[in-house]
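Going by our numbering, the first residue of the sequence shown is number 351, and it counts up by one from there. From the three backbone atoms N, C-alpha and C, an ideal C-beta is built for every residue, glycine too.
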Amino acid sequence: MRRTLELAVLGTTSPNPMVGAIIVRRGKVVGKGYHTRAGAPHAEVEALKQAGHKAKSADLYVNLEPCCHFGRTPPCIDAIIQAGIKRVFVGMRDPNPKVSGKGLRALKAKGIAVVSGILDQECQKLNESFVKIMKTGRPFVIIKSALSLDGKIATRSGDSQWISGEMARNHVHKIRSQVDAIMVGTETVLKDNPRLTCRLKTGLVKHPTRIILDRRNRVPLTANVFKNSRSQKVVYVTGLNLPAARHKTLLAKKVDVLQVKAGAKGFNIKSLLKELANKDINSILVEGGAELNASIVKAGGADRIITFISPILIGGVKAPGLLGGSGVMKVAGAMKLENMEVTKMGEDLMVEATICSAE
């Protein structure tokens, strides 16, 4: 099963899940495959194709329950049954509540032995974005930030380049290549004018969609985030009062304009996330400032925190920390984190944790 996970990560499949499959007959691997991209044949079909007639009476290992419904491709269970597979070993059930378990039951009904739940946690982790979208209708959201040892993301003047070292910054590009979109707010664009591209030196370079939250329409249309919008998608999120001329210019730049109702304190984060999910965005890396971070955390929209802690001290009561807003009144009300992992990255420490209250 671990080998199916290794195969699965080779695909660029979003909004579909990552799936790998291996066919074993008499102790030997006779076929293997993985889902390469949305719309392409599924992993099971690729493995069966490679195995050919050797699939008869063989065992199939797959990290996700085989599909039993028509989507962009036919149901995988039909191909499994027709190939004469004897036993199917499954990592995790399909997280879609409408179809979960149906594929396994269909295989059992045809006399195929089924074993499920093998390395379930590892399989869930691999496709955590797909699991989240299936269960809640919202993307998996990661908040990423570079911090000084005293918890500051910038100086009191707003300067933040660069808090983290080169190795940490390079790793951020790897994270960018693994998500569907990067989200920033108005202030980040105005202060840093980021490109929000993926600049990996080796491996697959996948540029995520750039999501710009700008409810007051203050971001200049000459900003770097709007460059190359024909090759790297941009979703511009604003309020209902978008000037017609600005709207026309954005459309001419091939920018996807999303107008949503916004209150005095900003957008309704949960509603916005569902709108973004409708655009096939399963995962978002938030690279904004303290206020955007706080609004997402407060709304229960964040799933994971990734911080790069640098051995420097910035100080100053007016220097922003990771989270803005009003915060909590009592320590007992603090948001708890779990599954914390610490990795040395050059001179910095990368600290990852899951937010307990995330759905």
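Between which residues of its own chain and residue i is the CB-CB distance below 7 Å, once the five residues before and five after are set aside?
i	result
Ile435	Ala405, Ala408, Leu410 and Ile462
Leu550	His523, Lys524 and Ser527
Arg387	Gly361, Thr362 and Thr363
Lys686	Cys706
Glu625	Leu608 and Val610
Which partner residues of residue i appear in the DSSP bridge assignment?
i	result
Met700	Phe658 and Thr693
Phe490	Ser633
Gly383	Ala371
Leu563	Gly535 and Val587
Ser466	Val440
Asp606	Val585
Ile705	Leu687
Asp409	Val374 and Arg437
Phe617	Ala612
Leu497	Ile659
Lys524	None, per the DSSP bridge assignment.
Leu414	Met442
If we count the other Cβ atoms within 10 Å of its Cβ and call it buried at 16 or more, is residue i buried or exposed?
i	result
Pro661	exposed
Asn366	buried
Lys460	exposed
Leu499	exposed
Thr599	exposed
Ala669	buried
Pro489	buried
Asn477	buried
Asp509	exposed
Asn543	exposed
Gly613	exposed
Arg443	buried
Lys583	buried
Ser507	exposed
Arg722	Any question about residue 722 goes unanswered here, given that the chain covers just 351 to 709.
Glu691	exposed
Ser581	exposed
Spatial neighbours of residue i within its chain, please: C-beta separation below 6 Å, excluding the five flanking residues on both sides.
i	result
Ala708	At Ala708 the pLDDT is 45, less than 50, meaning the model places this residue with poor confidence; the figure from the coordinates comes in the next sentence. Correct list, in chain order: Asp653.
Lys494	Leu635, Glu637 and Ile656
Phe658	Ala496, Ser514, Ala518, Asp698 and Met700
Leu642	Gly535
Arg437	Asp409 and Ala463
Under 8 Å Cβ to Cβ from residue i, same chain only, skipping five residues before and after it: list those, please.
i	result
Arg545	Asn574, Val575 and Lys577
Glu356	Gly370
Ala627	Ile483, Gly487, Arg488 and Pro489
Gln511	Asp542
Leu663	Ser498, Leu499 and Asp500
Thr538	Pro544, Glu637, Gly638, Gly639 and Leu642
Val319	Nothing can be reported for residue 319: it is not among the residues displayed for the chain, which extend from 351 to 709.
Leu673	Ala640, Asn643, Ala644 and Val647
Would you please state the rounded distance, in angstroms, between the beta carbons of residue i and residue j? I believe it to be under 8 Å.
i	j	result
Gly671	Ala640	6 Å
Asp530	Ser633	5 Å
Ala456	Val412	Contact doesn't hold; Cβ gap of about 14 Å is too wide.
His521	Met695	6 Å
His385	Ala393	5 Å
Ile631	Thr559	6 Å
Val440	Val465	7 Å
Ala397	Ile373	5 Å
- So does the segment 592–601 actually touch the segment 611–629, counting three or more Cβ pairs closer than 8 Å? no
- Are there three or more Cβ pairs, one per stretch, closer than 8 Å when the segment 479–493 is compared with the segment 644–653? yes
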